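Numbering-wise (the numbering used here), the sequence shown opens with residue 302 and increments by one.
For glycine and all other residues, C-beta sits at the position ideal for the given N, C-alpha and C.
Treat the numbers as computed from the prediction; the structure is a model and nothing was measured.
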Amino acid sequence: MRIVVLPGDGIGPEITDATLQVLERVRQALSLDLSFDVRPIGLAALRTEGTTLPPPVLEACRTADAIVLGPVSTAEYPPRDDGGVNVSAELRIQLDLFANIRPSRTRAGLPHWGRTPMDLVIVRENTEGFYADRNMHRGSGELMPTPDLALSVRKISAPASARIARSAFELAAARRRHVTAVHKSNVLGVTEGLFLREVRAVAREHPEIAYDEQLVDSMAALLVRDAARYDVVVTTNMFGDILSDEAAELAGGLGLAASINVGERHGMAQAQHGSAPDIQGQNKANPVSLILSAAMLLDWLGRRHRDSALAAAARVIESSVDAALQQPATRTFDLGGPLGTDAFTAELCREIDARPIR
Ligand code: NAD
């Protein structure tokens, strides 16, 4: 199986290198049929190819079995016409990666900032909503009719709402069987009403799964107060983006927050955080978010190809990360520990080697 690896910008190359070391470790240990095809994107590709996403790279992603994408410095990109393609958004659109799966869980021994331990997954719709680059057939979802008036168009469709709801209920069936739909139908009755109509229809098909609804503003507070009550949370694009960063921070830190983007045919691992240019090149980045995202991707590949070794590799990475994070002495700087990216990665590889996985 061929995995295309896109290092990205900022801390992207550092955490991608760490992730590749871990993937290579489990590949060898479990004799996995994996190969890694590393391709420059982002500002590096802009300098040499004139675009942040060269067409051959997009094609390589289209034909790959899976993708690992490092964070990208979209805020530094020039306009699209000058080569600044938002790689993350473009891959989500082009490959129809409609479900962004973002788990957050507290870990034994690691401080968390919410009032309760938690283990939840936010299932975020990825292809429409308030994101100006993905809600129009042509043109942008942001308009400026006059110099002093700006408008945003938000797209919510029944098919996209139904398929993200299905993803959430399928996930919940394999977890604690509880789905919460987060919305703002009290002020956006038409769009949020349509979203809820579709989620409720899927909920009726799954009477074995508990279903409830929560307004997004109160959800932000309830995550701090009592995140333990949530299992799978399904919501629209922007609410999911914001709430998943909040949940990740409450569970221990953004540097730990994994995610995958999946559709019917493609899967892409991607850290929840951005390219952290403030710590770029300083060996300070926590690579766990991308490493755990890659583990989620292996699990997805394992289920897709009925390959239990891939799922086992995912579990090995997860448990090795848990073990490494348990002791303050083997944590990265952002978690108050003494280790830089390189030293933490070496520690994690030692944990993997110590596991009886053959
Ligand atoms: P950010 O997530 O990059 O950083 C927020 C804060 O968290 C910073 O203090 C950073 O140092 C810290 N941080 C983030 N990841 C860390 C890690 N792995 N280890 C240790 N500390 C970490 O958010 P930002 O500063 O708002 O955005 C920076 C750039 O990233 C912008 O260009 C933005 O557009 C882009 N961005 C990209 C993605 C993506 O690629 N999916 C997502 C969000 C932001």
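Cutoff 6 Å; reference Gly575; Cβ partners in own chain excluding five residues on either side:
Reading the sequence shown from its first residue, position 274 is the one you call residue 575. Pro372.
Chain-order list of residues whose beta-carbon lies under 6 Å from that of Ala365 (same chain, five-residue window excluded):
Within the sequence shown, residue 365 is the residue found at index 64, counting from 1. Excluding sequence neighbours, Ala365 sits near Arg303 and Val305.
Considering only the alpha carbon of each residue, which of Val503, Gly541 and Gln571 lies closest to Ala521?
The residue labelled residue 521 in the question sits at position 220 within the sequence shown. Here the closest residue by C-alpha is Gly541.
In this structure, how does DSSP classify Glu686 when only helix, strand and coil are distinguished?
As shown, the chain starts at 302 and ends at 659. That puts residue 686 outside it, with no answer to give.
Using only alpha-carbon positions, find the residue among Ala612, His438, Leu523 and Ala346 that is nearest to Leu421.
Here the question's residue 421 lines up with position 120 in the sequence shown. Nearest option by C-alpha distance: Leu523.
Can you list, in chain order, the residues of its chain whose CB lies under 8 Å from that of Asn436, leaving out five sequence neighbours each side?
What you label residue 436 is simply residue 135 of the sequence shown in a count that begins at 1. Excluding residues within five positions, the ones whose Cβ falls inside 8 Å are Glu429, Gly430, Gly442, Val454, Arg455 and Lys456.
Quick one: what's Gln322 bridged to in DSSP?
Your numbering for residue 322 matches position 21 in the sequence shown. As DSSP reads the structure, Gln322 sits in no beta bridge.
Just to be sure I understand the criterion: a residue counts if its Cβ is closer than 5 Å to at least one heavy atom of ligand 1. Which residues meet that?
Going by the Cβ distance cut-off, the answer is Pro372, Val373, Ser374, Thr375, Ala376, Ser389, Gly556, His574, Gly575, Ser576, Ala577, Asp579, Ile580, Ala586, Asn587 and Asp635.
Can you give me the Cβ contacts of Asp623 inside the same chain, cut-off strictly under 6 Å, excluding the 5 residues immediately before and after it?
Reading the sequence shown from its first residue, position 322 is the one you call residue 623. Excluding sequence neighbours, Asp623 sits near Arg408.
Contact set for Gly603: own chain, Cβ-Cβ below 6 Å, skip 5 residues either direction
The count along the sequence shown starts at 1 and reaches residue 603 at position 302. Sequence-distant partners of Gly603 (beyond 5 residues in either direction) whose C-beta falls short of 6 Å from its own C-beta, in its chain, are Leu611 and Ala612.
For Ile394, collect the residues of the same chain with a Cβ closer than 7 Å to its Cβ; drop the 5 residues on either side in sequence, then sort them by chain order.
Along the sequence shown, read from residue 1 onward, the residue named residue 394 stands at position 93. So the qualifying residues of the chain are Thr428 and Arg435.
Distance, Pro418 Cα to Arg526 Cα:
Taking the first residue of the sequence shown as 1, we reach residue 526 at position 225. Taking the first residue of the sequence shown as 1, we reach residue 418 at position 117. Note on geometry: alpha-carbon atoms of Arg526 and Pro418 lie some 10 Å from one another.
What are the uninterrupted segments assigned as beta strand (DSSP E) that are 3 or more residues long and contained completely in the stretch 342-394, given in chain order?
Along the stretch 342-394, the beta strand (DSSP E) occurs as fully enclosed runs of 3 or more residues at 367-370, listed in sequence order.
What do you reckon, are the CB atoms on Glu514 and Ala482 nearer than 9 Å?
Your numbering for residue 514 matches position 213 in the sequence shown. Your numbering for residue 482 matches position 181 in the sequence shown. Yes, the Cβ-Cβ distance between Glu514 and Ala482 is below 9 Å.
In the DSSP output, what is Ser336 paired with across the bridge?
What you label residue 336 is simply residue 35 of the sequence shown in a count that begins at 1. According to DSSP, Ser336 bridges with Arg303.
Compare the Cα-Cα distances from Gly554 to each of His413, Thr375, Leu331 and Val369 and report the closest residue.
As a working mapping, residue 554 is identified with position 253 in the sequence shown. The closest CA to that of Gly554, considering only His413, Thr375, Leu331 and Val369, is found on His413.
Using three-state DSSP, classify Val483 as helix, strand or coil.
As a working note, residue 483 is residue 182 in the sequence shown. Val483: strand per DSSP, three-state reduction.
Determine the direct distance from the alpha carbon of Ser389 to that of Phe496, and round the result to whole angstroms.
Position 195 of the sequence shown, counting from 1, holds the residue named residue 496. Position 88 of the sequence shown, counting from 1, holds the residue named residue 389. Straight-line spacing of the CA atoms in Phe496 and Ser389 works out to 24 Å.
Range of the contiguous alpha helix (DSSP H) that encloses Asn562:
One-based indexing of the sequence shown puts residue 562 at position 261. Unbroken run through Asn562 is the beta strand (DSSP E), Ile561 to Val563; no alpha helix (DSSP H).
What does the alpha-carbon distance come out to for the pair Arg406 and Thr447?
Counting from one through the sequence shown, the residue named residue 406 turns up at place 105. Counting from one through the sequence shown, the residue named residue 447 turns up at place 146. Rounded to whole angstroms, Arg406 to Thr447 spans 46 Å at the Cα level.
Could you tell me if the beta carbon of Leu396 falls within a distance shorter than 8 Å of some heavy atom in ligand 2?
The ligand content of the structure shown is limited to ligand 1, which means ligand 2 is not among them.
Per-residue burial, Asn401 [other beta carbons within 10 Å of its own, 16 or more giving buried]:
Against the sequence shown, residue 401 aligns to sequence position 100. Buried is the call here.
Quick one: Cα of Asp318 to Cα of Phe470, how far?
Walking along the sequence shown from the start, residue 318 turns up at place 17. Walking along the sequence shown from the start, residue 470 turns up at place 169. Using only the alpha carbons, I get a separation of about 35 Å.
Please report the straight-line C-alpha distance between Asp397 and Ser519, rounded to a whole angstrom.
Taking the first residue of the sequence shown as position 1, residue 397 is located at position 96. Taking the first residue of the sequence shown as position 1, residue 519 is located at position 218. About 31 Å.
Roughly how far, in whole angstroms, is the beta-carbon of Gly556 from the beta-carbon of Ser590, given that I think they are within contact range, below 8 Å?
Here residue 556 refers to the residue found at position 255 of the sequence shown. Here residue 590 refers to the residue found at position 289 of the sequence shown. Right, the Cβ-Cβ distance comes to about 6 Å (below 8 Å), so this counts as a contact.
State the beta-bridge partners of Arg422 as determined by DSSP.
Here residue 422 corresponds to residue number 121 of the sequence shown, with the count starting at 1. Residue 422 is actually Val in this sequence, not Arg. Bridge pairing for Val422: Pro404 and Val533 [DSSP].
Specify whether the stretch 565-582 and the stretch 367-381 touch according to this definition: at least 3 beta carbon pairs, one from each stretch, less than 8 Å apart.
Proximity of the stretch 565-582 to the stretch 367-381 meets the contact definition, three or more beta-carbon pairs being nearer than 8 Å.
DSSP on Ala624, reduced to helix/strand/coil?
By one-based count along the sequence shown, residue 624 stands at place 323. DSSP places Ala624 in helix when its eight states are reduced to three.
By the 10 Å Cβ neighbour count, where 16 or more other Cβ atoms means buried, how is Pro357 classified, buried or exposed?
Reading the sequence shown from its first residue, position 56 is the one you call residue 357. Exposed, by the Cβ-count rule.
Does any residue of chain C have a CB that is nearer than 9 Å to the CB of Ala319?
The structure shown has no chain C; it contains just one protein chain.
Burial state of Asp449, where buried means 16 or more other Cβ atoms lie within 10 Å:
Residue numbering aside, residue 449 sits at position 148 when the sequence shown is read from its first letter. By the neighbour-count rule (16 or more Cβ atoms within 10 Å), Asp449 is not buried but exposed.
Mind checking whether Thr605 and Gly568 have CB atoms under 9 Å apart?
For the purposes of this step, residue 605 is identified with residue 304 of the sequence shown, where counting begins at 1. For the purposes of this step, residue 568 is identified with residue 267 of the sequence shown, where counting begins at 1. Here residue 605 is Arg; the residue named in the question, Thr, does not match the sequence. Result yes, Cβ atoms of Arg605 and Gly568 sit closer than 9 Å.
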